[in-house]
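Quick notes on the structure that follows.
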Amino acid sequence: MPGSFVGTVVIWSFVYLRALAEMEAAGILSDVPVRVVTGPEEYLFGEEKALLEVIEGNEPLPRWLPPYIHGLYATSPQLGWQSHEPEPGHHGAHDTNPTLVNNVETLANVPGILTQAPNGSDRGVPQTRRAPSYAP
21 MPGSFVGTVV
31 IWSFVYLRAL
41 AEMEAAGILS
51 DVPVRVVTGP
61 EEYLFGEEKA
71 LLEVIEGNEP
81 LPRWLPPYIH
91 GLYATSPQLG
101 WQSHEPEPGH
111 HGAHDTNPTL
121 VNNVETLANV
131 PGILTQAPNG
141 SDRGVPQTRR
151 APSYAP
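In short: position in the sequence shown from 1, add 20, done, that's the working numbering.
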């Protein structure tokens, strides 16, 4: 059905924003700034370098350098598929600002791995020694 995926994304954005407001009201976030960023409907953010561009307000075109070299809001010159001016009004020293990009499933496994096993190998499939989020 055309547009159904877009509608689903809008619903999830609303859920995230509501959860964020509830956490802020409860004081859970303390001084940690959290921002929900939505991107263009026609693009899937599987490419982490394009995701960073969207967070910065640019077109979803991948950077050439990975986020651990050229992170969010870096002031060093960025070579790549830019649809914007490389350094609009930049003055002063360059900063690469390394950034960690992870998916939700990876981060959701961290507490279980840290609390249940020193190396996480007691969960998941023995051949892969990984901890899928559906493991008990």
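All C-beta atoms in this analysis are idealised placements derived from N, C-alpha and C, irrespective of residue type, glycine included. This one's a predicted model, so the numbers in the text were calculated from it and none came from an experiment.
Helix, strand or coil at residue i [DSSP, three-state]
i	result
Arg83	strand
Leu37	helix
Ile48	coil
Val124	helix
Thr135	helix
Ala94	coil
Val57	coil
Glu76	coil
Asn117	coil
Glu67	coil
Contact set for residue i: own chain, Cβ-Cβ below 8 Å, skip 5 residues either direction
i	result
Val121	Glu68, Leu71, Leu72, Pro87
Ser161	Because the chain is modelled from 21 through 156, residue 161 falls outside the range shown and cannot be assessed.
Tyr93	Glu76, Asn117
Close Cβ partners of residue i (< 6 Å) along its chain, the five nearest in sequence each way excluded
i	result
Val118	Reading off the sequence shown, one finds Pro at residue 118, where the question assumed Val. Around Pro118: Tyr88, Gly91.
Met43	Leu49
Beta-carbon proximity list for residue i, same chain, < 7 Å, skipping 5 on both sides
i	result
Asn60	Per the sequence shown, the amino acid found at residue 60 is Pro instead of Asn. Correct list, in chain order: Pro80.
Leu40	Val54, Val56
Tyr36	Val56
Leu127	none
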